[in-house]
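In this text, residue positions in the sequence shown follow the numbering used here: the first is -8, and each later residue adds one.
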Amino acid sequence: MLSAIALQAREKTQPVEMGKTIGTDTSKVSGRSFPRRLFSAKGSWGIGLDGMYIGMQGNNSNIMMLLTGINGGFSFGRIAPLVTWTYADNLAVGMRLTYMGAKGRLDSATALGLADLNMDVSGLDLRLDCYSASVFHRNWFGLDDKGRFGIYFDAALAYQHLRATTSYYGISHRVALSFSPGFEVFVMNFLSLNLSIGLASVYYEWSDIYDKSWQRTGRSNGFHAGTGLSLLDLNFGLTFYL
């Protein structure tokens, strides 16, 4: 019995050959097939962090001749820790927690209208805070025989809470099912970089609008669906594999 335990321990510590062929994917429609290459081995844990930041400042600037004399700034940030577990070769489940924040301010600006009817849009102030949690399923497709490059496809179910503050308060909740393709590359045997972007989503959202005294002035709800690249679902980060 002790020898059997020792043998199992040695098998677990032996390196796994990444990029090897583990089967064949065949399309029933076109009849085309290609080899399935191992990109993430069964039993692997991944701990990652996605994030991005954009900041802009304007000093007497113009935007496509629609806004002139812009003085102000805008910043947008997003950070999302995540964990994944590969339950079968190239198949994983995971969880992601996300915080997204944005701030914008227009100290002075003029919007150019028709027939020389211009409008002063100075004094606009915006703050946005968004928290979300999601569970997702990931399917990898290895691209090379070294196991360094791969594409993946995520299907995620998420809950999102958002609060926006301008001249009023807006609070919204969303339950969404989204689909995101991505690309991943291993820069070290245990460390990878990844990039994904939202491609399609179906969600139910309900929102309330309040004035400055927190008296509710409006409410909306409904189902929405759409396709197209979503920059708000852009994820860029790194993952450590254990």
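From the three backbone atoms N, C-alpha and C, an ideal C-beta is built for every residue, glycine too.
Residue burial classification, residue i (beta-carbon count within 10 angstroms, cutoff 16)
i	result
L88	exposed
D224	buried
M9	buried
G104	In this predicted model, G104 has a pLDDT of only 45, less than 50, meaning its place in the structure is not dependable; the value taken from the coordinates is given anyway. It is exposed - the Cβ of G104 has fewer than 16 other Cβ atoms within 10 Å.
Y143	buried
S171	buried
Candidates the options: closest to residue i by CA position
i	options	result
E196	S163, L182, N180, L184	S163
V84	D224, T15, D202, S125	S125
F25	G14, T156, T75, C121	G14
T12	G22, V20, R28, S18	R28
A147	S192, S31, T230, Y232	S192
W131	A167, Y160, G173, R207	G173
S198	W205, N212, T208	N212
Rounded C-alpha distance that separates residue i from residue j
i	j	result
Y244	A71	Outside the displayed span of the chain (-8 to 233) sits residue 244, for which this structure offers no information.
I188	A79	24 Å
G42	V178	18 Å
D111	L119	At D111 the pLDDT is 45, less than 50, meaning the model places this residue with poor confidence; the figure from the coordinates comes in the next sentence. About 23 Å.
G22	L134	20 Å
F30	P6	13 Å
Y160	Y150	20 Å
Which residues DSSP lists as bridging residue i, in chain order
i	result
V176	F140, L184
W242	This structure cannot settle anything about residue 242, because the visible part of the chain is limited to -8 through 233.
S171	D145
T208	None; T208 has no bridge partner.
E8	Per DSSP, none; premise fails for E8.
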